[in-house]
Amino acid sequence: MINPADQRKIIYDGKRVQPIYERRMVDYTSALIYEEYNKPTIPYSYDSDYLKDFDCTPQVITIPPINKLSLERNRVRNYPIQFMQMCINKQRSPVNSIVWTPDGRRLLSGSNSGEITMWNGLFFNFDTILQGHNFPIRKLLFSRNNNLLISGDSKGSVKYWNTAMSNLNAIENVHSEGIKDMSFSWNDNNFLTASDDATIKIIDTNTCKVLNTLKGHNWDIRKAQYHDMYSLIVSGGKDNLLKFWDPRASSSAIRTFHYHKNTILALDMTRNYLITGGKDQVIKQLDFRTMKECFTYKTDADITCLRFLQKEEEFAFASGNGIGEIVYWENFDDSPVAKTLESHENIIWCLEEHPAGHLLASASADFQIKFWGRLKPSHKIKEVEEEEEDFTAIPGL
Numbered sequence: 001m002i003n004p005a006d007q008r009k010i011i012y013d014g015k016r017v018q019p020i021y022e023r024r025m026v027d028y029t030s031a032l033i034y035e036e037y038n039k040p041t042i043p044y045s046y047d048s049d050y051l052k053d054f055d056c057t058p059q060v061i062t063i064p065p066i067n068k069l070s071l072e073r074n075r076v077r078n079y080p081i082q083f084m085q086m087c088i089n090k091q092r093s094p095v096n097s098i099v100w101t102p103d104g105r106r107l108l109s110g111s112n113s114g115e116i117t118m119w120n121g122l123f124f125n126f127d128t129i130l131q132g133h134n135f136p137i138r139k140l141l142f143s144r145n146n147n148l149l150i151s152g153d154s155k156g157s158v159k160y161w162n163t164a165m166s167n168l169n170a171i172e173n174v175h176s177e178g179i180k181d182m183s184f185s186w187n188d189n190n191f192l193t194a195s196d197d198a199t200i201k202i203i204d205t206n207t208c209k210v211l212n213t214l215k216g217h218n219w220d221i222r223k224a225q226y227h228d229m230y231s232l233i234v235s236g237g238k239d240n241l242l243k244f245w246d247p248r249a250s251s252s253a254i255r256t257f258h259y260h261k262n263t264i265l266a267l268d269m270t271r272n273y274l275i276t277g278g279k280d281q282v283i284k285q286l287d288f289r290t291m292k293e294c295f296t297y298k299t300d301a302d303i304t305c306l307r308f309l310q311k312e313e314e315f316a317f318a319s320g321n322g323i324g325e326i327v328y329w330e331n332f333d334d335s336p337v338a339k340t341l342e343s344h345e346n347i348i349w350c351l352e353e354h355p356a357g358h359l360l361a362s363a364s365a366d367f368q369i370k371f372w373g374r375l376k377p378s379h380k381i382k383e384v385e386e387e388e389e390d391f392t393a394i395p396g397l
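Residue 1 is where the sequence shown starts when you use full-length UniProt numbering, and the numbers rise one by one after that.
Okay, structure coming up:
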């Protein structure tokens with residue numbers, strides 16, 4: 001029997017009686033239009049009284065995504081720590097990779113079941129699903145010109161997809177073992193694949209032929225990325241080594257760093273900085289201009305994914321760890337700025353920022369995809385202080 005206090009509407013679909021749930025919507029178009037026409041004349045901080053009185057009830061974002069004017073007052077409000085919505089497939093399976101479409105209207109997810117699922121970027125509801133691979137999907141990636149999507153699986157195969165999610169081509173057995181990471185070069189002419197067979201292969205995007213094979217790691221390669229501007233590849237893996245490669249020169253590494261004491265699981269980079277993390281529970285930051293380590297961030301859990309926020313700013317980044325937490329950091333600050341108000345129940349494998357910068361999506365081994373947004377200007381933040389334990393107290397008294 002339905003509780004009269006329950007205000008959810010009831011419909012009959014011919015099979016069963018089910019309630020209608022109101023879904024939270026995040027429509028960012030009006031905020032972007034407002035910023036476009038008013039950004040030269042906005043001298044206000046994010047925490048100012050002006051924005052608190054501003055009618056943003058249907059919005060859960062304000063602009064710009066990271067507002068440096070408010071950093072001295074309340075830095076927490078600049079980061080997506082508020083849980084917005086959770087998505088989960090009918091066939092539950094760990095989600096290994098997610099990627100936003102270039103227009104930000106959809107989110108694509110690849111899971112252990114080999115399915116590619118499309119989620120709505122405004123209402124966060126299910127759109128469509130297709131069987132992309134017969135093996136677990138490890139990586140989904142859009143090209144830099146936003147016209148091509150590639151996917152890699154645990155069998156070592158790569159598939160091409162267009163923006164309408166039609167399969168264009170398939171490259172079988174690129175690696176003898178599973179693919180763990182992929183990245184496009186700055187002009188999209190080539191892309192790389194990193195695998196558990198300890199090799200990195202550079203593939204021509206048009207001809208689908210392997211141009212070069214980079215060998216030098218002694219164990220599985222977990223991450224490998226092209227630099228956005230330079231002819232440079234950075235890789236890390238289970239041998240604890242961070243290697244730099246020149247894809248034009250030869251198949252041997254040009255530089256090797258021994259910064260980590262355990263497996264490297266995550267890395268991300270901007271024009272000038274590189275951040276890496278792994279099972280040694282530290283995040284190392286390296287400056288490309290000096291080729292030296294410039295800072296170390298200490299954490300209390302394994303770092304499984306890293307993502308720079310607003311890469312052009314080179315100012316802040318987010319980390320996901322092995323206990324399901326998302327932590328936000330600012331450059332050269334050894335203490336975290338903020339954490340999400342809720343967390344996943346298992347390892348976070350992937351973090352992806354919305355192209356507009358107002359949302360962060362996370363994929364986890366707990367079968368869930370979660371969306372995170374920034375707090376409203378009127379939301380009051382309560383600081384939680386940790387209580388110190390009294391070791392002199394006698395238990396039970």
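For every residue, glycine included, the Cβ atom is placed at its ideal position computed from N, Cα and C. Everything numeric in this text was worked out from a predicted model, so none of it was measured.
Taking a contact to mean a Cβ-Cβ separation below 8 angstroms, would you say residue i touches residue j in this structure?
{"i": "Trp-372", "j": "Ser-364", "result": "no"}
{"i": "Phe-317", "j": "Asp-287", "result": "no"}
{"i": "residue 405", "j": "Leu-341", "result": "Only positions 1 to 397 of the chain appear in the structure, and residue 405 is not among them; the question remains open."}
{"i": "Met-182", "j": "Ile-150", "result": "yes"}
{"i": "Ser-235", "j": "Phe-184", "result": "no"}
{"i": "His-133", "j": "Gly-156", "result": "no"}
{"i": "Lys-215", "j": "Ala-266", "result": "no"}
{"i": "Thr-276", "j": "Leu-242", "result": "yes"}
{"i": "Lys-180", "j": "Ala-170", "result": "no"}
{"i": "Val-327", "j": "Lys-311", "result": "no"}
{"i": "Thr-256", "j": "Asn-240", "result": "no"}
{"i": "Ile-369", "j": "Ser-109", "result": "yes"}
{"i": "Leu-375", "j": "Arg-75", "result": "no"}
Select from the options the residue whose C-alpha is nearest the C-alpha of residue i.
{"i": "Val-282", "options": "Asn-147, Asp-302, Thr-270", "result": "Asp-302"}
{"i": "Gly-320", "options": "Lys-279, Phe-295, Gln-85, Pro-355", "result": "Lys-279"}
{"i": "Gln-85", "options": "Leu-130, Gly-104, Gln-310, Arg-24", "result": "Arg-24"}
{"i": "Thr-29", "options": "His-358, Lys-376, Phe-367", "result": "His-358"}
{"i": "Ile-98", "options": "Leu-241, Gln-285, Thr-276, Asn-120", "result": "Asn-120"}
{"i": "Trp-186", "options": "Glu-330, Leu-32, Asn-145, Gly-152", "result": "Asn-145"}
{"i": "Ala-198", "options": "Leu-192, Asn-218, Thr-207", "result": "Asn-218"}
{"i": "Leu-306", "options": "Trp-349, Lys-159, Glu-312, Lys-292", "result": "Trp-349"}
{"i": "Arg-289", "options": "Asp-300, Leu-274, Thr-296, Lys-298", "result": "Leu-274"}
{"i": "Thr-270", "options": "Leu-309, Leu-168, Glu-325, Trp-329", "result": "Leu-309"}
{"i": "Phe-332", "options": "Gln-225, Arg-77, Cys-294", "result": "Cys-294"}
{"i": "His-227", "options": "Phe-257, Asp-204, Asn-272, His-258", "result": "Asn-272"}
{"i": "Val-210", "options": "Trp-329, Lys-238, Val-174, Ile-137", "result": "Val-174"}
{"i": "Thr-101", "options": "Lys-90, Leu-130, Thr-163, Thr-128", "result": "Thr-163"}
{"i": "Thr-296", "options": "Gln-131, Tyr-259, Glu-314", "result": "Tyr-259"}
{"i": "Leu-168", "options": "Ser-176, Asn-147, Glu-177", "result": "Asn-147"}
Can you look up residue i in the DSSP assignment and give me helix, strand or coil?
{"i": "Leu-32", "result": "helix"}
{"i": "Val-158", "result": "strand"}
{"i": "Asn-78", "result": "helix"}
{"i": "Tyr-259", "result": "coil"}
{"i": "Tyr-46", "result": "With a pLDDT of only 47 at Tyr-46, under 50, the local geometry of the prediction cannot be trusted, and the value read off the model is given with reservation. Three-state DSSP puts Tyr-46 in coil, outside helix and strand."}
{"i": "Tyr-226", "result": "strand"}
{"i": "Leu-69", "result": "Bear in mind that a pLDDT of 45 at Leu-69, under 50, signals an unreliable position, so the number given afterwards is only what the model happens to contain. Here Leu-69 sits in helix by DSSP."}
{"i": "Ser-251", "result": "coil"}
Apart from the five residues just before and just after residue i, which ones in its own chain have a Cβ nearer than 7 angstroms to its Cβ?
{"i": "Pro-247", "result": "Ile-202, Asn-212, Ser-231, Ile-233"}
{"i": "Ser-335", "result": "none"}
{"i": "Asn-346", "result": "Gly-324, Ser-364, Ala-365, Asp-366"}
{"i": "Glu-330", "result": "Phe-315, Ala-316, Val-337"}
{"i": "Ser-195", "result": "Gly-156, His-175, Glu-177, Gly-178, Ile-179, Lys-180, Ile-221"}
What residues in its chain sit with their C-beta under 6 angstroms from that of residue i, if we drop five residues either side in the sequence?
{"i": "Leu-360", "result": "Pro-80, Glu-353, Trp-372"}
{"i": "Ser-111", "result": "Ser-93, Val-95"}
{"i": "Ala-356", "result": "Tyr-28, Gly-104"}
{"i": "Glu-172", "result": "Ser-157"}
{"i": "His-344", "result": "Gly-324, Ser-364, Asp-366"}
Name the DSSP beta bridge partners of residue i, please?
{"i": "Phe-191", "result": "Phe-184, Ile-203"}
{"i": "Phe-295", "result": "Gln-285"}
{"i": "Leu-360", "result": "Glu-353, Trp-372"}
{"i": "Ser-97", "result": "Gly-110"}
{"i": "Lys-311", "result": "Lys-311 is not bridged to any residue."}
{"i": "Gly-278", "result": "Ile-264"}
{"i": "Lys-139", "result": "Gly-152"}
{"i": "Ala-338", "result": "Tyr-328"}
Going by beta carbon distance, what residues of the same chain come within less than 8 angstroms of residue i, once the five residues before and after it are set aside?
{"i": "Asn-189", "result": "Asp-204, Thr-205, Asn-206"}
{"i": "Met-229", "result": "Trp-186, Arg-271"}
{"i": "Ile-88", "result": "Phe-367, Gln-368, Ile-369"}
Within 8 angstroms of any Cβ in chain D, is that where the Cβ of residue i sits?
{"i": "Gly-324", "result": "Among the protein chains of the structure shown there is no chain D, as only one such chain exists."}
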